[in-house]
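In the working numbering, the protein residues as written are 663 to 878. Idealized CB from N, CA, C, for every residue including glycine. Fair warning: this is a prediction, and the values are worked out from it, not measured in the lab.
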């Protein structure tokens, strides 16, 4: 017989909200790699009870973004260069194929949105790095979702979390996404050129990898 659950829709919604806020804090560096995570302190800071906080922290630990140190204390994961390159190598295997699939499946609405956002960036003389990173997130996530393969999409989201943490914080401003690469990808998607989208994505990720190896 199934045990009754203590979870309610409201409790789960709150846990989801706490999870999203913590994830954002990790990705944006407010909770930096190596930071000790204290359930009670974070719950007090966010004005929530410890139950949804415990749920959210458990999910983040399950996804590998929180880890236990040698003393068993929960900390934010430090994404190393080796971690970064391993994730990027996996993305090189998956994302070009995702781009090819997306070129055949992406909706007109998504294509229009990507082109409009990228055009705004191209027409702005001094674009803030955060705007470029946000578009980078939108582009890669839209491609993953439009691939039609939920396993590809899930893998892209998970791997990009690790690479985003490294790129945004470990590089300390030494690099940011280039709109020229993005334009090549978006143009190929717009004309439903699967081979072109695949090649443009592979070139984009390969150049990022080479730049990291040469300059880090």
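- Residue 749 is not a Cβ neighbour of residue 817, given a cutoff of 7 Å.
- Counting C-beta pairs closer than 8 Å gives fewer than three between the stretch 784-800 and the stretch 707-720, which falls short of the contact rule.
- In this structure, residue 827 and residue 689 form a Cβ contact; the two beta carbons are roughly 6 Å apart against a cut-off of 8 Å.
- When the beta-carbon positions are compared, residue 873 and residue 761 stay at least 7 Å from each other.
- Taking residue 758 as the centre and dropping the five residues before and after it, the same chain places the C-beta of 860, 863 and 864 closer than 6 Å to its C-beta, in chain order.
- Rounded to the nearest angstrom, the Cβ distance from residue 738 to residue 709 is 21 Å, too far for a contact under 8 Å.
- Distance from residue 701 to residue 716 at the Cβ level is roughly 6 Å; contact confirmed, criterion being Cβ atoms closer than 8 Å.
- Excluding five sequence positions before and after residue 846, the CB atoms of its chain that fall closer than 6 Å to its own CB belong to 862, given in chain order.
- Counting other Cβ atoms within 10 Å of its Cβ, residue 726 stays below 16 and is therefore classed as exposed.
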